[in-house]
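Input: a single structure, listed below in structure tokens.
Numbering (UniProt numbering), first residue to last: 1 to 160.
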């Protein structure tokens, strides 16, 4: 459950739910070409061989960025709000199904397992603001108030 929640909130998966990709997460800036198995060098050679240019060696066709892979297709990153809603609905129904108590087919609604709900809540808090998870630390009152305000602002920015 923790991996499911963290996976939905961080990295490239955040885009599926209407969020911006998290640049601080390792793997969020993986080269796209490495993921798709397409060589940037081969693509540039193919473009260069197909086009006869008067610029000679100074004419360069860029199909991507070195170290980042191929450029995304124009308009490929735009999604409909309906896609975001469908993805959120699917994710929440999957979480609910994972958290439901074990029951047989056809039994009435079994409800949510409290331990699973606690695991989801802990994963959500840990993923959004790791400092909030360690709430039992003793802080001086003024530092705690300042830290609480800063933490709340970070959480607010995370969900915008």
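Glycine is no exception: its CB is placed at the ideal position from the N, C-alpha and C atoms.
The model shown is predicted, which means the values in this text are computed figures rather than measured ones.
Alpha carbon of residue 156 to alpha carbon of residue 82, nearest angstrom
Each residue's Cα considered, the two are about 24 Å apart.
**Study point:** Boundaries (first-last residue) of the alpha helix (DSSP H) holding residue 123
**Key:** 114-128
message: What residue range does the alpha helix (DSSP H) around residue 14 cover?
response: Where residue 14 is concerned, there is no enclosing alpha helix (DSSP H), given that its DSSP letter is neither H nor E.
Can you give me the Cβ contacts of residue 113 inside the same chain, cut-off strictly under 8 Å, excluding the 5 residues immediately before and after it?
99, 100 and 101
Quiz item: Taking the C-alpha atoms as reference points, what is the distance between residue 89 and residue 149?
Solution: Taking the Cα positions, residue 89 is about 31 Å away from residue 149.
* Asked: With distances taken from CA atoms, which of 11, 17, 151 and 110 is nearest residue 161?
  -> No statement about residue 161 is possible, as the shown extent of the chain runs from 1 to 160 and does not include it.
How would you label residue 11, buried or exposed, when you count the other beta carbons within 10 angstroms and need 16 or more for buried? buried
(Q) Using only the alpha-carbon positions, how far apart do residue 141 and residue 151 sit? (A) 15 Å
- Taking Cβ positions, are residue 153 and residue 5 nearer each other than 9 Å? no
Exposed unless 16 or more other CB atoms sit within 10 angstroms - verdict on residue 8 | With a 10 Å radius around the Cβ and a threshold of 16 neighbouring Cβ atoms, residue 8 comes out buried.
- prompt: If you draw a straight line from the alpha carbon of residue 116 to that of residue 126, how long is it in whole angstroms?
  reply: 15 Å
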